[in-house]
Each structure stands twice: as structure tokens, then as C-alpha cells.
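Q: One structure coming up, written as C-alpha cells, with questions to follow.
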Amino acid sequence: MRFGLSYHHQLPRPWAEDSEERLLKESLEQIELADRIGIDCVWATEHHFLEEYSHGSAPEVFLAAAAARTKNIRLGHGIVSLPPAVNPPARVAERLATLDLISGGRVEFGSGQGSSQLELGAFNVERATKREQWREALGVIVRLLTETPFTGHKGQWIDMPPRNLVPKPKQKPHPPLWVACSVRETIETAARNGLGALSFSFASPEQAKERADAYYAIINSEECVPAGLSVNPNFAVVMPLMCHHDEETAVDRGLEGAHFFAYTLMHYFVFGQHHPGTTDIWQTFQQTKEAMGFTRNPAPIDPSAEPDPMAQQMIDQLTALRRGIGTPDQIAAMLTEYEAAGVDQVVFQVQLGKTKHEHVMESLQLFADEVLPRFVEGREEREAAKRERLSVPVKEALARVEPASVDVSDYVIGNELSTS
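Whatever position you read off the sequence shown (first residue = 1), add 23 for my numbering.
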């Protein structure tokens, strides 16, 4: 099992003049440390206009800065929003290829559809068609990265003539492909397209096993028809991390930030009423957190009460938020359960709410000293065995990909001299 860090760039109000600058610089310092201690990947999300929840609107810039400061850690887009009105496919492909070259081939390409109305509405993306837009754009991006020249595309959402994309990425045929997943349906979509699954919902080991089993069942079946020219069979889950020798100190340092992340997620994607530029989510969180169950020890559901699926789901989410917060032994035992469930990568969220930078740095160092070594030993052999098990299904899946067969050898673009 491998480990990553995920950055949304949370920034609760109130803000000082240098708050955003300090946030980005501290995040880069954390990634530098992660690179030195052996964390495998950093994932930078892309969101727009989601105040306090995510000030990460330009991950390609942030990851380029991380590339310049690191040597080994992989640089993951987790994720790029692919509706063409948000990110034109050619621009996505150009940025990916350039980042892959300057980083020495360390890019992981995660993509998604976008979800919040605040973002979709800003770019006039219709919710009913965003999945179709994502799938069409992903196919065009793969072809731009791999065809010489790109033979053109005329679809429902994208119309682009033949061109030759330069530069091309270092990794061949292209960087590993992932997609954001939140429910079993999208996890199965990832598998059908031969994509790594970035599962952003907080899952218990039992839930993770159910989803990983479903994912790999499709990877091993005829349903898998890769969206790219390679298959990336990987299943990742996300959780907060705060590691300390004293459990109570870990909870003091990390739990409120994890709760704020969950609250802002619900604010923008479930129930929130947002006034751009003025809504103070942190203040509202402080006023309502106890009533919503965001406490150190959430009250269990009365077993004699009428079953309430929504209440149970909330308890499950609160429990999941707590799993990566504790002592090295507690965290190692928890991670062992996820490894046994078939999880390939655990992606830790460390920069949450008002969690202090120095506490994040201490937590990462302790994780590296006392937890990480327990999972590194024998990992190469386990991964080699996995590749061997999947070699035939992957080969068969790639054989199902229909190659482009458009001849553009006679396509010429003429230029006219300007007299102005």
C-alpha cells in the first residue's frame, strides 16, 4: 500500500492580507517534507469560487512549484474538471505534458466532472450532461497526448481540427489516468474505463473492501474497455491524518479541522445557502457543530429508535473522520485493515480547517518514523505479484480499445499574409 497527501487549500475566515500566500507556502513546505520522508504522491484538487473550503483554483501552477522543490514524490491532479467550458481539452493536455517533462515524468492525471452548483453555474455547465462532457473530453485529451498528429474530433461537446500537440509527455503512452469517485456507481465507471479510482468519500474498511472488490471484478472482466492507452488498476481512499504519541493531543490538534472539512463539503454540496464574498462558513460551523454531531464523541443512535439511514450515515462519516487521528500504533493498525481490504493507496488530508502548520509537520515526521516503515517492507514484491495477476486481464482490456483510423496526411493549414 502506498500513501499520498491531498490538498484542497482550506482557508477558514477571518482572512488576513497574507493568508492565502502563507497557506500556499506552508503547503509547499509540507510537500517538501513529504518528499524527503518517502510519501509517494501529492494530490492537488481543482475548485473554483468555493471560499474557505478550497482556495485551490490553479493546481497546475501549484504542482509546478511542488515539482521544482521535490525529487521523487509523484504529482497528482486530483482532479482536473473536464467540462470543456471549464478547461478546454487542448489546454489540459499541454499543461499535463509540460508538467510531466519538468518533473521528470512524475505526473498522475486525475479528472472529474465537477459537482457544486456554485462551480457548474459559473461556467454554464449543465448538471445533466456533465458526465458525458467529462468522458468526451478525456478521450480527446488522451488522443492529443498520444497521436502525432492529433487527427481531429467532432463530437457533441468538442469540435477541434487536426493539430500536433507539443510538447508530448515524458511518460508513455501518457501519465496514469484516474477519476474522482464518491459512490459505488462512479467507482464502477472508473473500472469500466480502466482508470484508477480516487474515492473521495470517507469509507470504513468494510465499505472499502466492498468497493475495491467491485472495482477489481470489473477490471478483470470484459466490461473493462480502457479510456486511455494503458490501464491504471488502483483503488485509493481518502482520510484525515494527525499522528501524535498521545491520542488526546492528536485529537486536540486534528479533529476540529477534519470536522470543518466535512462541514464545508456539506455546505457547498448538500445544504448550504451561500452569498459570495460574505458568507462566513467558519462562524456558522462554530455555532452549529455540536448540534450536528461534530464533537469528540458523537452520540450513538438509540438501538430502540426507528431506523434512520441518514442519521446512521452521519455517524459513519464522523467515525471515518476520526480513524486517521491517533497514535502511531492506532494508525498503523487502522491502515493494516485498509490494506487487507484491497486498498492500493491511502491519501491523507492534512491541511484542514485551522490545523496548525507546525502540527502537520510534526505529524508527518512521526508517521514517517513509526508508521510508514511497517508498510514499505515487502511492498515491491506485493506490487510485482499484483502486476503479474493482472497482466492477462490488462492485455485483454487494451485489445478492446479501437484505434483511431483517420488519415490526415493531406491536411494542410494555409496562412494569408496580413496587410494591416
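Just so it is clear, CB atoms sit at the ideal spot from N, CA and C, and this is done for glycine as well.
Every value quoted in this text rests on a predicted model; they were computed, and no experiment measured them.
#1: Might you give, ordered along the chain, the residues of its own chain that have their beta carbon closer than 6 Å to the beta carbon of M265, omitting 5 neighbours on each side?
#2: Residues in its own chain within less than 6 Å of H31 by CB, not counting five upstream and five downstream?
#3: Comparing C-alpha positions only, which one of V115, Y238, E271, E246 sits nearest to P256?
#4: Are the region 372-391 and the region 50-66 touching by the rule of at least three beta carbon pairs closer than 8 Å?
#5: Measuring CA to CA, which of I436, D303, D430, R45 is closest to T171?
#6: Is the Cβ-Cβ distance between R140 and E155 less than 8 Å?
#7: Let me make sure I understand the geometry here. Which of H70, F173, G376 has the alpha-carbon closest to that of H100?
#8: Mark K195 as exposed unless 16 or more other C-beta atoms lie within 10 angstroms of its C-beta, in which case mark it buried.
#9: So S227 packs on S205, CB below 8 Å; how close in whole Å?
#10: For the region 290-309 against the region 25-41, do three or more pairs of beta-carbon atoms, one drawn from each stretch, fall closer than 8 Å, so that the two count as touching?
#11: Check for me: the beta strand (DSSP E) holding R186 runs from which residue to which?
#12: Cα separation between F132 and G219?
#13: Are the beta-carbon atoms belonging to V148 and L98 less than 8 Å from one another?
#14: Looking at the unbroken alpha helix (DSSP H) that takes in M452, where does it start and where does it end?
#15: Whole angstroms is fine: what's the gap from Q340's alpha carbon to F173's?
#16: With 16 as the cutoff for other CB atoms within 10 Å, does S244 come out buried or exposed?
#17: Pick from V248, P111, R234: whose alpha carbon is nearest that of C365?
#18: Kindly give me the distance between the Cβ atoms of V424 and V248, rounded to whole angstroms, as I take these residues to be in contact under 8 Å.
#19: Given a cut-off of 8 Å, decide if V165 and L252 are closer than it, judged by their beta-carbon atoms.
#20: On a Cα-Cα basis, can you pick out the residue from F317, G376, A81 that is closest to F284?
#21: Is G162 helix, strand or coil when you go by DSSP?
#22: Are the beta-carbon atoms belonging to L167 and A116 less than 8 Å from one another?
#23: Excluding the 5 residues flanking V109 on each side, which residues of the same chain have their C-beta closer than 6 Å to its C-beta?
#24: Would you mind sorting A314 into buried or exposed? The rule is 16 or more other CB atoms within 10 Å of its CB.
#25: On the DSSP bridge assignment, give the partners of K153 in chain order.
#26: Rounded to whole angstroms, what is the Cα-Cα separation between A87 and T169?
#27: Which residue comes first and which comes last in the beta strand (DSSP E) that contains P299?
#28: What is the DSSP secondary structure of K177, reduced to helix, strand or coil?
#29: What first and last residue would you give for the alpha helix (DSSP H) that runs through F398?
#30: Which value, in whole angstroms, describes the spacing of the CA atoms of V373 and L28?
#31: Would you mind stating whether Q353 and M24 have Cβ atoms separated by less than 8 Å?
#32: Assuming L124 and P198 are in contact, meaning their beta carbons sit under 8 Å apart, how far apart are those beta carbons, in whole angstroms?
#33: Identify the continuous beta strand (DSSP E) that holds H380 and give its terminal residues.
#34: Among F390, T302, P190, F398, which one has its Cα closest to the Cα of E360?
#35: By the three-class DSSP mapping on this structure, what secondary structure does W305 have?
#36: Using three-state DSSP, classify E69 as helix, strand or coil.
A: This is what the structure holds:
#1: A273, R276, G277, I348, S386
#2: T68, S77, G79
#3: In terms of CA proximity to P256, Y238 leads the group V115, Y238, E271, E246.
#4: yes
#5: D430
#6: Note that residue 140 corresponds to Gln in the displayed sequence, not to Arg. Q140 places its beta carbon 8 Å or farther from that of E155.
#7: H70
#8: exposed
#9: With 8 Å as the limit, S227 and S205 do not qualify as a contact, their Cβ atoms being about 15 Å apart.
#10: yes
#11: Careful: R186 lies outside any beta strand (DSSP E) and carries neither H nor E.
#12: 10 Å
#13: no
#14: Residue 452 is absent from the model: the chain starts at 24 and stops at 443.
#15: C-alpha separation (whole angstroms): 45 Å.
#16: exposed
#17: According to the sequence shown, residue 365 is Gly rather than Cys. Minimum Cα distance to G365 is reached at R234.
#18: 7 Å
#19: yes
#20: Nearest option by C-alpha distance: G376.
#21: Of the three classes helix, strand and coil, the one that applies to G162 here is helix, per DSSP.
#22: yes
#23: F146
#24: exposed
#25: Answer is none; K153 lacks a bridge partner.
#26: Taking the Cα positions, A87 is about 22 Å away from T169.
#27: Run containing P299: none; DSSP gives neither H nor E here.
#28: strand
#29: 396-399
#30: 7 Å
#31: no
#32: Wrong, their Cβ atoms sit about 11 Å apart, outside the cutoff.
#33: Under the DSSP assignment, H380 falls outside any beta strand (DSSP E), being part of the alpha helix (DSSP H) whose first and last residues are 380-393.
#34: F398
#35: Helix, per DSSP.
#36: coil
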